[in-house]
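*Asks:* Structure incoming, see below.
Number of protein chains: 2
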Amino acid sequence: MENKGKIYVIGIGPGNLEHMSQRAKDAISESEVIIGYKTYTNLVKDLIENKEVIDSGMRKEIERCNLTLDKALEGKVVAIISSGDSGIYGMAGIMHEVVFDREASIEVEVVPGITASNAAAASLGAPIMHDSCTISLSDLLTDWDLIKKRLECAAMGDFVVSLYNPKSKGRVTQIEEAREIMLKHKKKDTVVGIVKNAKREGENIVITDLEHMLEEDIDMVTMVIIGNEKTYVKNNKMVTPRGYKI
Amino acid sequence: MENKGKIYVIGIGPGNLEHMSQRAKDAISESEVIIGYKTYTNLVKDLIENKEVIDSGMRKEIERCNLTLDKALEGKVVAIISSGDSGIYGMAGIMHEVVFDREASIEVEVVPGITASNAAAASLGAPIMHDSCTISLSDLLTDWDLIKKRLECAAMGDFVVSLYNPKSKGRVTQIEEAREIMLKHKKKDTVVGIVKNAKREGENIVITDLEHMLEEDIDMVTMVIIGNEKTYVKNNKMVTPRGYKI
């Protein structure tokens, strides 16, 4: 008998429902069970009334994926949700890995969303008009030496750099080191955009530079975007030119 | 008298309307004039009946932005649309620059969308679960030496690399050189995902490796995603582990 279960791994975008795709809404609506970190299930609470909702605390990713697979193997359509794009530092990878590990035969569809760096970029102006890197400063799962090497390579290549997870309560020095590494290759007046709660309630936008960026409030819901050597500020907008001759 | 004109720079996502955000739909609906390259205005034709639609050919970006500003200065709400995310190699930068250049006082709102690399990643599985770079291989506006340097830095840092504009009819050697540069630092069996028309009609997904990637059909509507050293393939899905111990 064919299993009718299915797993959707859904990126709900920055948080405000208006930035979610119709496909994400439809997939949530089709699902019988909704699983996610409770901050995210709260964000979509209007869409999930009358559904089985299983929310959990942070750092329970593997447990959450196993539960998702259990429910899908029972024949249910299950949505596991994360913010931004589930395919960018989200749940898509770990969900696939849990399915592989348990050798389960179940369809997994990743529904993309608007990722945090793109949401923050839109609020800043147009800082990611040219080649860019995204680097997470969380060393929970990644060796800090590898992260430092990537920061160095990104700075050397004069990429626009988006920093995910720049700072948390227990992890405060990484952003300082990251800035030091940037300064080895980028000038201290390189433009830096700092957006807290991009494209959702409580959004706060600051445009500063590498020299002064640490004076700003930076936390886990903040995106830090460091420009390339041509990035500039005008009319309170941060813009990285693509190279057009106007 | 205050000018009631406004400019929306809208990313419509991969092309299928279901991946567009509600905010993008609402902004189009609010707009009196819609301006864009005609492939894109065609993609949203169901949303723009009874509006003034100005479509133009390729490589008319500056002209399109000037026209957008002209219309907005007449007091109209104008949407200039591009595919994917208008903030990622899209129209957001050049639109701001034209407004700056003409010293116009007009509100410009960038409405983010799902960018091509994220759409392609969702179709491949979960290749961008870790630090990544996006690099455009188009040397129309960027010095090829700078692009080569960035490819080198991206390969050295073992980033996942998304290549935008990998190849066009008149530009065929860049993807070959890019591959050579990758091979200086990445193994020849590094996983490569190639997605044509990601998340829209005519989607085609291939998973191959650095050694064999040039055997595949690659063009301007193709996204090439090169994995890092830990990226693997299982059940036809390309996955880059984040580092969880399952």
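So the sequences go chain by chain: C and D. Going by full-length UniProt numbering, the first residue of the first sequence is number 1, and it counts up by one from there. Going by full-length UniProt numbering, the first residue of the second sequence is number 1, and it counts up by one from there. We put the beta carbon where it would ideally sit given N, CA and C, even for glycine.
1) Is there at least one Cβ from chain D nearer than 9 Å to LEU73 (chain C)'s Cβ?
2) According to a CB-to-CB cut-off of less than 7 Å, which residues of the segment 131-143 of chain D neighbour chain C?
3) Determine, using beta carbons only, whether SER56 (chain D) comes closer than 9 Å to chain C.
4) If we define contact as Cβ-Cβ less than 9 Å, is LYS60 (chain C) a contact residue for chain D?
5) Going along chain C, which residues have a C-beta under 8 Å from GLU229 (chain D)?
6) Which residues bound the beta strand (DSSP E) around GLY75 (chain C)?
7) Taking 9 Å as the CB-CB cut-off, is ARG200 (chain D) touching chain C?
8) In the DSSP assignment, find the unbroken alpha helix (DSSP H) run with ASP145 (chain D) in it and report its ends.
9) How many whole angstroms separate the CB atoms of ALA154 (chain C) and GLY157 (chain D), which I take to be in contact at a CB cut-off of 8 Å?
10) Distance, Cα to Cα, ILE207 (chain D) vs SER117 (chain D)?
11) Closer than 9 Å, Cβ to Cβ, to anything on chain C: give me those residues from the segment 3-30 of chain D, in chain order.
12) In the DSSP assignment, what are the bridge partners of THR208 (chain C)?
13) What are the start and end residues of the alpha helix (DSSP H) that includes ILE28 (chain C)?
14) Compare the beta carbon distance of LEU137 (chain C) and LYS186 (chain C) with 9 Å and say whether it is the shorter of the two.
15) Taking the alpha helix (DSSP H) that ILE175 (chain C) belongs to, which residues open and close that run?
16) Does the CB of residue 249 (chain C) have a neighbour CB from chain D at under 9 Å?
17) Which whole-angstrom value describes the C-beta separation of LYS234 (chain D) and PRO241 (chain D), a residue pair presumed to lie in contact below a C-beta threshold of 8 Å?
18) Decide if GLU107 (chain D) is buried, meaning its Cβ has at least 16 other Cβ atoms within 10 Å, or exposed.
19) Report the neighbours of ILE94 (chain D) on chain C: residues whose CB is nearer than 9 Å to its CB, in chain order.
20) Given a cut-off of 9 Å, decide if SER123 (chain D) and ALA198 (chain D) are closer than it, judged by their beta-carbon atoms.
21) Closer than 7 Å by C-beta to VAL221 (chain D): which residues in its own chain qualify, once you throw out the five before and the five after it? Chain order, please.
22) Quick one: does SER86 (chain C) have its CB under 9 Å from some CB of chain D?
23) How would you label ILE10 (chain C), buried or exposed, when you count the other beta carbons within 10 angstroms and need 16 or more for buried?
24) Cα separation between VAL110 (chain C) and PHE159 (chain D)?
25) If you draw a straight line from the alpha carbon of MET95 (chain D) to that of GLY5 (chain C), how long is it in whole angstroms?
26) As an exercise, report each continuous alpha helix (DSSP H) stretch of at least 4 residues that is fully enclosed by the segment 45-121 of chain D, in chain order.
27) Please classify SER162 (chain D): does DSSP put it in a helix, a strand, or coil?
28) Just checking: is the beta-carbon of ALA178 (chain D) within a distance shorter than 9 Å of some beta-carbon in chain C?
29) Can you give me the Cβ contacts of GLY68 (chain D) inside the same chain, cut-off strictly under 7 Å, excluding the 5 residues immediately before and after it?
30) What did DSSP end up calling THR240 (chain D) once you bin it into helix, strand or coil?
31) Look at the alpha carbon of GLU18 (chain C) and the alpha carbon of LEU183 (chain D), and state the distance between them as a whole number of angstroms.
32) In the DSSP assignment, find the beta strand (DSSP E) that holds LYS38 (chain D) and state where it starts and stops.
33) Does the distance from the C-beta atom of PRO112 (chain C) to that of VAL191 (chain C) stay below 9 Å?
34) If TYR89 (chain C) sits next to MET129 (chain D), beta carbons under 8 Å apart, how far is it from one beta carbon to the other, in whole angstroms?
35) Return the CA-CA distance between LYS45 (chain D) and GLY13 (chain D), expressed in angstroms with no decimal places.
36) Do we get a CB-CB distance below 9 Å when we pair ALA79 (chain D) with the residues of chain C?
*Replies:* Walking through what the data contain:
1) no
2) ASP131, SER132, CYS133, THR134, ILE135, SER136, LEU141 and THR142
3) no
4) no
5) Within chain C, no residue comes near GLU229 (chain D); the closest Cβ sits about 10 Å away, beyond 8 Å.
6) Where GLY75 (chain C) is concerned, there is no enclosing beta strand (DSSP E), given that its DSSP letter is neither H nor E.
7) no
8) 144-156
9) 7 Å
10) 15 Å
11) VAL9, GLY11, GLY13, PRO14, ASN16, LEU17, GLU18, HIS19, MET20, SER21, GLN22, ARG23, ALA24, LYS25 and ASP26
12) C:VAL192
13) 22-30
14) no
15) 174-185
16) Here chain C comprises residues numbered 1 to 246, so residue 249 (chain C) is not present and cannot be evaluated.
17) Wrong, their Cβ atoms sit about 11 Å apart, outside the cutoff.
18) exposed
19) ALA126, MET129, PRO241, ARG242, TYR244 and ILE246
20) yes
21) LYS196 and ASN197
22) yes
23) buried
24) 22 Å
25) 46 Å
26) 61-73 and 92-101
27) strand
28) no
29) For the sequence presented, residue 68 (chain D) should be read as Thr rather than Gly. Only ILE7, ILE35, VAL78, ILE80 and MET95 meet the Cβ criterion.
30) coil
31) 42 Å
32) Looking at the DSSP string, LYS38 (chain D) is not in any beta strand (DSSP E); the run it does join, the alpha helix (DSSP H), is 38-43.
33) no
34) 7 Å
35) 14 Å
36) no
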